[in-house]
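Please read the structure below before turning to the comments.
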Amino acid sequence: MAESRWRKLGVQFYALSIREKSLILLAGLLLIILGGYLWVIDGQLSKMAGLEQQLKTNKSQYLGLQGEVAELQLALSKDPDKILQQQIDELISRNNALDDSLNSQTAKLVPADRMPQLLISVLNKSHKVKLVSMESLEPVISQLEDDRPNAKVHIYQHGVRIKLQGSYFDIADYLQSLKTSPLGFDWRAFDYQVTNYPIASVTLELYTLSTSEAFIGI
């Protein structure tokens, strides 16, 4: 059937005039050329679309790099070494101010080397209390130093252990004198025992603070 159809078309074609045959051949040739042209154009359009997408990607990456460069330039303009030095200077200044404050406060306390003399002076005002013994305790760095690890001026805790004898009320008066005196004593240990009623003995550890590490001589 297809063969007879092609024969029929061939008979019709040969029956046409030369001008009509030429027009048909020209139209067929144009169709072939146009098809090839469209194939080439379609490929170029696809390639252009790919290039456009690549350009968009590259532009996005470029803008991202520009942002990173701007951040780096800002960081460099701030000079991190300078900022670090400013922080160090501030800490040193604060530490020096704290040292000055502590020096001012410890100046109001009993000097460690005068501690035994002042204790005896207070004791002499209470004739009913007897000094049995007095010994120096080894100086130790104060717990205040825990908050000042880099301090230039250290604070030492100096102590004296004294043993007294007297009646309850006489010893109480002596302790009250120490408590109310402007000498800046602090006691940490207290041992009270009745040895021969009404006489009792009390062992007391008294402390003061100082920036000097020198051992108290008695």
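Residue numbers (the working numbering): 1014 to 1231. Where is the CB? At the ideal position from N, CA and C, for every residue including glycine.
Taking every protein chain shown into account, the CB of Val1207 has fewer than 16 other CB atoms within 10 angstroms, so this residue is exposed. Rounded to the nearest angstrom, the Cβ distance from Val1145 to Leu1188 is 15 Å, too far for a contact under 8 Å. Beyond the five residues adjoining it in sequence on each side, Ile1212 comes within less than 8 Å, by CB distance, of Gln1178, Gly1179 and Ser1180 in the same chain, given in chain order. A check of alpha carbon separations from Leu1222 across Asp1186, Ile1154, Phe1182 and Leu1191 identifies Ile1154 as the nearest. When only Cα atoms are considered, Thr1193 and His1171 end up about 20 Å apart.
Less than 8 Å separates the beta-carbon of Val1173 from that of Leu1150. Beta-bridge analysis with DSSP links Lys1176 to Ser1146 and Thr1216. In this structure, the alpha-carbon of Leu1132 lies about 22 Å from that of Ile1168. Counting the other CB atoms within 10 Å of its CB gives Tyr1210 a total below 16, which places it among the exposed residues. A straight-line Cα-Cα distance of about 15 Å links Leu1219 and Ala1185. In chain order, Met1147 and Leu1217 place their CB closer than 6 Å to the CB of Ile1175, counting only its own chain and leaving out the 5 sequence neighbours on each side. Of the candidates Leu1087, Met1128, Glu1103 and Ser1139, Met1128 places its Cα closest to the Cα of Trp1200.
Under the 10 Å beta carbon count, Asp1183 is surrounded by 16 or more other beta carbons and is classified as buried.
Among the bridge pairs identified by DSSP, Asp1199 is matched with Tyr1220. Here Tyr1187 is not bridged, per DSSP, to any residue. Under the three-state reduction of DSSP output, Pro1152 falls in the strand class. The continuous stretches of alpha helix (DSSP H) do not include Ser1139, and DSSP gives it neither H nor E. Taking C-alpha positions only, Val1135 is separated from Asp1094 by approximately 58 Å.
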